[in-house]
Amino acid sequence: MPFEQHGNPLEPFEERLSADLRQAGDTFDADRVALVTAGELRGRRRLLLRRRAAVVGGVASLALVGVGGALLLPGRGSSAHQDGASVGTSRHTATATPAPSPVSGDQMIRTLEKLLPKGNFSKVEARGSDERPGPYVQLVYDDGKGAAAISVGLGRVEPGSDEARGTTECPGKVFVHYDACSTTRLPDGSAVMVLQGYEYPDRRVDTKWWSAELVTPEGQHVSVSEWNAAAEKGAPISRAEPPLSAAQLRKLAGAGAWRDAIDAMPQDTNRPAPQPSASETAGSVAIAPILKSLLPKGVFKVSDDSGDDSAFGYLVLDDGKGKSLVQVNVQANMSDVEGDLFGSGAEVLADGTKVATHQVPSEKGGAGAVMWTVDTIRTDGRRVVISELNSGAPHDDATREAPALTMKQLREIALSPKWWR
Amino acid sequence: MRQARADEYAEFAAVRAGHLYRSACLLTAGDTHLAEDLVQETFGRLYVSWRRVSRVENPAGYAQTVLMRTFLTHQRRRSSTERATDVLPDMPADGRDMPLRLTLLEALARLPAKDRAVVVLRYWEDRSIEETAQAMNASSAAVRTRCVRALGRLRELLGEDLGEYARP
Numbered sequence: 003m004p005f006e007q008h009g010n011p012l013e014p015f016e017e018r019l020s021a022d023l024r025q026a027g028d029t030f031d032a033d034r035v036a037l038v039t040a041g042e043l044r045g046r047r048r049l050l051l052r053r054r055a056a057v058v059g060g061v062a063s064l065a066l067v068g069v070g071g072a073l074l075l076p077g078r079g080s081s082a083h084q085d086g087a088s089v090g091t092s093r094h095t096a097t098a099t100p101a102p103s104p105v106s107g108d109q110m111i112r113t114l115e116k117l118l119p120k121g122n123f124s125k126v127e128a129r130g131s132d133e134r135p136g137p138y139v140q141l142v143y144d145d146g147k148g149a150a151a152i153s154v155g156l157g158r159v160e161p162g163s164d165e166a167r168g169t170t171e172c173p174g175k176v177f178v179h180y181d182a183c184s185t186t187r188l189p190d191g192s193a194v195m196v197l198q199g200y201e202y203p204d205r206r207v208d209t210k211w212w213s214a215e216l217v218t219p220e221g222q223h224v225s226v227s228e229w230n231a232a233a234e235k236g237a238p239i240s241r242a243e244p245p246l247s248a249a250q251l252r253k254l255a256g257a258g259a260w261r262d263a264i265d266a267m268p269q270d271t272n273r274p275a276p277q278p279s280a281s282e283t284a285g286s287v288a289i290a291p292i293l294k295s296l297l298p299k300g301v302f303k304v305s306d307d308s309g310d311d312s313a314f315g316y317l318v319l320d321d322g323k324g325k326s327l328v329q330v331n332v333q334a335n336m337s338d339v340e341g342d343l344f345g346s347g348a349e350v351l352a353d354g355t356k357v358a359t360h361q362v363p364s365e366k367g368g369a370g371a372v373m374w375t376v377d378t379i380r381t382d383g384r385r386v387v388i389s390e391l392n393s394g395a396p397h398d399d400a401t402r403e404a405p406a407l408t409m410k411q412l413r414e415i416a417l418s419p420k421w422w423r
Numbered sequence: 074m075r076q077a078r079a080d081e082y083a084e085f086a087a088v089r090a091g092h093l094y095r096s097a098c099l100l101t102a103g104d105t106h107l108a109e110d111l112v113q114e115t116f117g118r119l120y121v122s123w124r125r126v127s128r129v130e131n132p133a134g135y136a137q138t139v140l141m142r143t144f145l146t147h148q149r150r151r152s153s154t155e156r157a158t159d160v161l162p163d164m165p166a167d168g169r170d171m172p173l174r175l176t177l178l179e180a181l182a183r184l185p186a187k188d189r190a191v192v193v194l195r196y197w198e199d200r201s202i203e204e205t206a207q208a209m210n211a212s213s214a215a216v217r218t219r220c221v222r223a224l225g226r227l228r229e230l231l232g233e234d235l236g237e238y239a240r241p
């Protein structure tokens with residue numbers, strides 16, 4: 003008697019296929035820890051690239067990720083050595099020019115120790131150039147004025163790509179709190195951004211995180227981070243500021259030794275691009291310009307800072323009575339979470355489009371901050387969600403009682419056909 | 074990501090990694106390097122939207138869907154026309170079930186990517202036609218057609234007596 007699958011009896015061939023797939027599938031095994039770690043690294047990198055909160059994701063942190071895995075997994079110790087175990091070496095290796103000899107983790111450590119001013123080093127760990135997800139080194143450095151974590155991560159970006167540009171452009175202040183940020187062009191054509199910010203976007207602990215992101219014209223990417231604590235998270239503040247000045251950070255990122263290590267990394271030409279796929283986003287519409295065009299005319303001053311991504315955009319509006327941050331996500335193929343997002347209370351329009359509205363205290367907001375949201379999904383899974391705060395940034399206190407746009411206006415914007423043209 | 078949520082994500086990822094990887098190996102017809110890449114990319118996407126994902130009824134199923142779409146997107150990028158994979162399956166590391174695995178993977182490798190996705194969802198994931206259609210963002214009718222076509226091709230490649238033929 004064939005077993006049934008969802009009420010339909012399987013043919014004998016299907017039944018055997020199913021059993022054999024199971025048997026064959028079960029013979030595959032990988033280093034799961036390495037897979038998970040590398041996946042989380044990609045997630046963090048994705049967040050870093052966005053440098054903003056998504057309305058839906060609700061993540062406003064400028065998550066730290068050193069390239070190539072200067073990744074400290076909070077609460078799970080710094081197990082980068084074991085987590086970084088090779089996940090398999092790519093077969094897609096460029097053969098035109100042989101890669102230079104690999105740079106070992108120990109060499110990475112020696113390089114960093116040599117480049118730092120005199121001091122004591124502890125809690126040192128590193129990965130070499132041929133280990134996935136990429137070379138990095140981290141240690142605790144004490145120049146006599148307090149222990150501080152420092153890390154260097156190395157990787158590659160596509161030269162001239164959005165990723166390359168985005169890596170060295172200072173983020174908009176709407177979503178990232180920082181004291182200073184500047185981008186400098188070096189004589190060799192490299193761009194280096196130094197950002198002096200905070201580990202926690204809501205500043206619940208004032209751990210300072212300063213970083214330098216350097217990208218060369220060839221796409222070599224060096225990421226240096228330092229904190230005024232002995233660990234990224236969960237360690238008490240040990241000094242007023244991280245040990246290296248902005249200029250020192252810039253110089254450290256520019257050291258030639260890092261580029262040699264990057265050149266020694268195996269070429270991997272068959273990796274899926276990190277951008278959200280067409281199946282996750284609406285395509286290539288730029289969100290902020292459409293949002294701008296849908297605003298009620300002539301009433302608002304609109305920020306320049308607007309996001310530049312095809313699935314998410316935002317504007318800060320000011321009608322003279324205080325700032326309002328408006329954020330929009332446009333997503334395709336969201337049917338699978340429709341039930342979760344649109345409960346039984348959702349309004350259903352004549353064409354089947356569902357509309358849900360929420361007016362709630364802002365999750366991350368300061369005093370008096372509220373978030374108004376209109377969420378819409380069409381029958382084919384295309385979703386537009388627009389949210390608005392009565393403050394200019396997610397963590398700020400309210401600047402006004404109600405946000406600038408009414409719920410009716412938000413609804414009209416969300417339901418506009420312009421998002422899908 | 075807040076600590077509690079980060080821990081929840083880490084636990085989920087640790088539990089699901091093995092199954093996702095095995096699914097990816099079947100989807101890629103044994104290209105374990107690509108499978109690792111797909112799983113990492115899947116985890117990256119789940120990490121970014123974990124807050125939302127953790128609230129859906131079946132995060133594990135959702136993760137599989139993300140993997141499937143990541144795979145299909147990868148295939149789209151690779152080639153504008155649908156075609157069977159040109160990568161031969163990797164040799165098994167330990168020799169377990171080698172004849173079965175090789176035979177089956179070679180047959181899977183000869184299917185177009187979308188047909189392979191249908192087979193994996195239907196017969197490895199045990200999903201219904203409707204659920205498969207939803208995961209692939211296709212109509213039920215299209216999935217049914219693909220399924221019939223893929224089964225026909227596999228029958229051709231493996232013989233009607235698949236079990237007998239494939240097992241050592």
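So the sequences go chain by chain: A and B.
Counted the way my numbering counts, the first sequence spans residues 3 to 423.
Counted the way my numbering counts, the second sequence spans residues 74 to 241.
Note that the Cβ used here is the ideal one computed from N, Cα and C, for glycine as well.
(1) When you compare the CB of Gln-207 of chain B with every CB in chain A, is at least one pair closer than 8 Å?
(2) Answer yes if the stretch 403 to 416 of chain A comes into contact with the stretch 82 to 90 of chain B, meaning at least three C-beta pairs across the two stretches below 8 Å, and no otherwise.
(3) Can you find a C-beta in chain B that's less than 8 Å from the C-beta of Val-38 of chain A?
(4) Please name the residue, chosen from B:Thr-115, B:Phe-144, B:His-147 and B:Leu-145, that lies closest to Pro-132 of chain B on a Cα-to-Cα basis.
(5) Using alpha carbons as the reference points, say which of A:Met-195, A:Gly-45 and A:Pro-102 lies closest to Pro-173 of chain A.
(6) Report the three-state DSSP secondary structure of Pro-161 of chain A (helix, strand or coil).
(7) Compare the C-alpha of Val-357 of chain A against each of A:Tyr-316, A:Leu-417, A:Gly-368 and A:Pro-298 and name the closest.
(8) At the 8 Å Cβ level, is Arg-228 of chain B part of the contact set with chain A, yes or no?
(9) Could you tell me whether any Cβ in chain B is nearer than 8 Å to the Cβ of His-8 of chain A?
(10) Report yes if the CB atom of Leu-391 of chain A is closer than 8 Å to the CB atom of Ser-326 of chain A, and no otherwise.
(11) Return the CA-CA distance between Thr-359 of chain A and Ile-415 of chain A, expressed in angstroms with no decimal places.
(12) Can you round the beta-carbon distance between Gly-221 of chain A and Pro-161 of chain A to whole angstroms, since I take them to be within the 8 Å contact cut?
(13) Using the beta-carbon count (16 or more within 10 Å), is Val-362 of chain A buried or exposed?
(14) Please confirm if Val-121 of chain B has its CB atom under 8 Å from at least one CB of chain A.
(15) Leaving out five residues on either side along the sequence, give the residues of the same chain with a beta carbon under 6 Å from the beta carbon of Ser-337 of chain A.
(16) Taking 8 Å as the CB-CB cut-off, is Arg-95 of chain B touching chain D?
(17) Quick check on Glu-403 of chain A: does DSSP put it in helix, strand or coil?
(18) When you compare only the Cα positions, how much space is there between Ala-23 of chain B and Ser-192 of chain A?
(19) From Thr-185 of chain A to Ala-186 of chain B, what distance separates their C-alpha atoms?
(20) What did DSSP end up calling Ala-290 of chain A once you bin it into helix, strand or coil?
(21) Any beta-carbon of chain A closer than 8 Å to the one on Val-112 of chain B?
(22) Evaluate contact between the stretch 207 to 226 of chain A and the stretch 118 to 135 of chain A, counting only Cβ atoms and requiring at least three cross-stretch pairs below 8 Å.
(23) Determine the closest residue to Gly-425 of chain A out of A:Ala-400, A:Val-154, A:Lys-147 and A:Arg-380, with distance taken between C-alpha atoms.
(24) In chain order, what residues of the same chain lie with their CB nearer than 6 Å to the CB of Gly-322 of chain A, ignoring the 5 residues before and after it?
(25) Do the stretch 133 to 143 of chain A and the stretch 101 to 110 of chain A touch if we need at least three Cβ pairs shorter than 8 Å?
(26) From the DSSP output, in three-state form, read off Asp-457 of chain A for me.
(27) Compare the C-beta of Glu-45 of chain A against all C-beta atoms of chain B and say whether one is closer than 8 Å.
(28) Ordered along the chain, which non-local residues of its own chain (more than five positions away) have a Cβ less than 7 Å from that of Ile-292 of chain A?
(29) Under the three-state reduction of DSSP, which class applies to Pro-132 of chain B: helix, strand or coil?
(30) List, in order along the chain, the chain B residues whose C-beta lies closer than 9 Å to that of Arg-48 of chain A?
(31) Could you check the C-alpha separation between Thr-146 of chain B and Thr-138 of chain B for me, to the nearest Å?
(32) Are Tyr-196 of chain B and Leu-19 of chain A closer than 8 Å when you measure CB to CB?
(33) My guess is that Glu-228 of chain A and Ala-150 of chain A are in contact by the Cβ rule of under 8 Å, so how many angstroms apart are they, rounded?
(34) Does Val-38 of chain A pass the burial test, meaning 16 or more other C-beta atoms within 10 Å, or should it be called exposed?
(35) Evaluate Asn-122 of chain A with the Cβ neighbour count: other Cβ atoms within 10 Å of its Cβ, from every protein chain shown; 16 or more gives buried, anything less gives exposed.
(36) Start and end of the beta strand (DSSP E) containing Val-1 of chain A?
A quick look at the data gives this:
(1) Here the question's residue 207 of chain B lines up with position 134 in the second sequence. So, interface residue.
(2) no
(3) Residue 38 of chain A sits at position 36 when you count from the first residue of the first sequence. Chain B, which has a Cβ nearer than 8 Å to the Cβ of Val-38 of chain A, makes this yes.
(4) By one-based count along the second sequence, residue 132 of chain B stands at place 59. Here the closest residue by C-alpha is B:Thr-115.
(5) Indexing the first sequence from 1 puts residue 173 of chain A at position 171. For Pro-173 of chain A, the nearest C-alpha among the options comes from A:Met-195.
(6) As a first step, residue 161 of chain A must be located in the first sequence, where it is residue number 159. In this structure, Pro-161 of chain A counts as coil in the three-state DSSP scheme.
(7) Numbered from its first residue, the first sequence carries residue 357 of chain A at position 355. When only C-alpha atoms are compared, the closest one is A:Leu-417.
(8) Working through the second sequence from its first residue, we reach residue 228 of chain B at position 155. Cβ-Cβ to chain A under 8 Å: yes for Arg-228 of chain B.
(9) As a position in the first sequence, residue 8 of chain A is number 6, starting the count at 1. Any answer about His-8 of chain A is weak, because its pLDDT of 46 lies below 50 and its placement is not dependable; what the coordinates show is given next. Yes, His-8 of chain A lies at the interface with chain B (some Cβ there is under 8 Å from its Cβ).
(10) Within the first sequence, the letter at position 389 stands for residue 391 of chain A. Within the first sequence, the letter at position 324 stands for residue 326 of chain A. Contact flag set, yes.
(11) Locating residue 359 of chain A in the first sequence gives position 357, counting from the first residue. Locating residue 415 of chain A in the first sequence gives position 413, counting from the first residue. Linking Thr-359 of chain A to Ile-415 of chain A through their CA atoms gives a straight-line distance of about 13 Å.
(12) Translated into positions along the first sequence, residue 221 of chain A becomes position 219. Translated into positions along the first sequence, residue 161 of chain A becomes position 159. Between Pro-161 of chain A and Gly-221 of chain A the Cβ distance is about 4 Å, and since that is below 8 Å, they are a contact.
(13) What you label residue 362 of chain A is simply residue 360 of the first sequence in a count that begins at 1. By the 16-neighbour rule on beta-carbons within 10 angstroms, Val-362 of chain A is exposed.
(14) One-based indexing of the second sequence puts residue 121 of chain B at position 48. At least one chain A Cβ lies under 8 Å of Val-121 of chain B.
(15) By 1-based counting over the first sequence, the position of residue 337 of chain A is 335. The answer, listed in chain order, is Gly-383.
(16) Reference to chain D is not applicable here, since the protein chains of this structure are A and B.
(17) For the purposes of this step, residue 403 of chain A is identified with residue 401 of the first sequence, where counting begins at 1. Glu-403 of chain A: coil per DSSP, three-state reduction.
(18) Here chain B has residues from 74 to 241 only, and residue 23 of chain B is not among them.
(19) Taking the first sequence and counting its residues from 1, the one referred to as residue 185 of chain A is at position 183. Taking the second sequence and counting its residues from 1, the one referred to as residue 186 of chain B is at position 113. Answer to the nearest angstrom: the Cα atoms are 44 Å apart.
(20) Within the first sequence, residue 290 of chain A is the residue found at index 288, counting from 1. DSSP places Ala-290 of chain A in helix when its eight states are reduced to three.
(21) Taking the first residue of the second sequence as 1, we reach residue 112 of chain B at position 39. Yes, Val-112 of chain B lies at the interface with chain A (some Cβ there is under 8 Å from its Cβ).
(22) no
(23) Because residue 425 of chain A is not part of the residues shown, which for chain A are 3 to 423, the question remains open.
(24) Working through the first sequence from its first residue, we reach residue 322 of chain A at position 320. The answer is none, since no qualifying residue turns up.
(25) yes
(26) Given that chain A is displayed from residue 3 to residue 423, the structure contains no residue 457 of chain A and the question cannot be resolved.
(27) Here residue 45 of chain A corresponds to residue number 43 of the first sequence, with the count starting at 1. The amino acid at residue 45 of chain A is misidentified as Glu; the sequence shows Gly. Interface residue, yes.
(28) On the first sequence, position 290 is the one that residue 292 of chain A refers to. Result list for Ile-292 of chain A: Lys-420 and Trp-421, in chain order.
(29) By 1-based counting over the second sequence, the position of residue 132 of chain B is 59. Pro-132 of chain B falls in the helix class under three-state DSSP.
(30) Taking the first sequence and counting its residues from 1, the one referred to as residue 48 of chain A is at position 46. Neighbours of Arg-48 of chain A on chain B, chain order: Gly-117, Arg-118, Tyr-120 and Val-121.
(31) Taking the second sequence and counting its residues from 1, one reaches residue 146 of chain B at position 73. Taking the second sequence and counting its residues from 1, one reaches residue 138 of chain B at position 65. Across the structure, Thr-146 of chain B and Thr-138 of chain B are spaced so that their CA atoms are roughly 12 Å apart.
(32) Residue mapping note: residue 196 of chain B aligns to position 123 of the second sequence, counting from 1. Residue mapping note: residue 19 of chain A aligns to position 17 of the first sequence, counting from 1. In this structure, Leu-19 of chain A lies closer than 8 Å to Tyr-196 of chain B by Cβ.
(33) Taking the first residue of the first sequence as position 1, residue 228 of chain A is located at position 226. Taking the first residue of the first sequence as position 1, residue 150 of chain A is located at position 148. Their Cβ separation, rounded to whole angstroms, is 6 Å, which keeps Glu-228 of chain A and Ala-150 of chain A in contact under 8 Å.
(34) Within the first sequence, numbered from 1, the residue matching residue 38 of chain A stands at position 36. Burial check for Val-38 of chain A: the Cβ neighbour count within 10 Å reaches 16 or more, so the residue is buried.
(35) The residue given as residue 122 of chain A occupies position 120 in the first sequence. The residue in question, Asn-122 of chain A, is exposed, as its Cβ has fewer than 16 Cβ neighbours within 10 Å.
(36) Absent from the structure is residue 1 of chain A, since the part of chain A shown begins at 3 and ends at 423.
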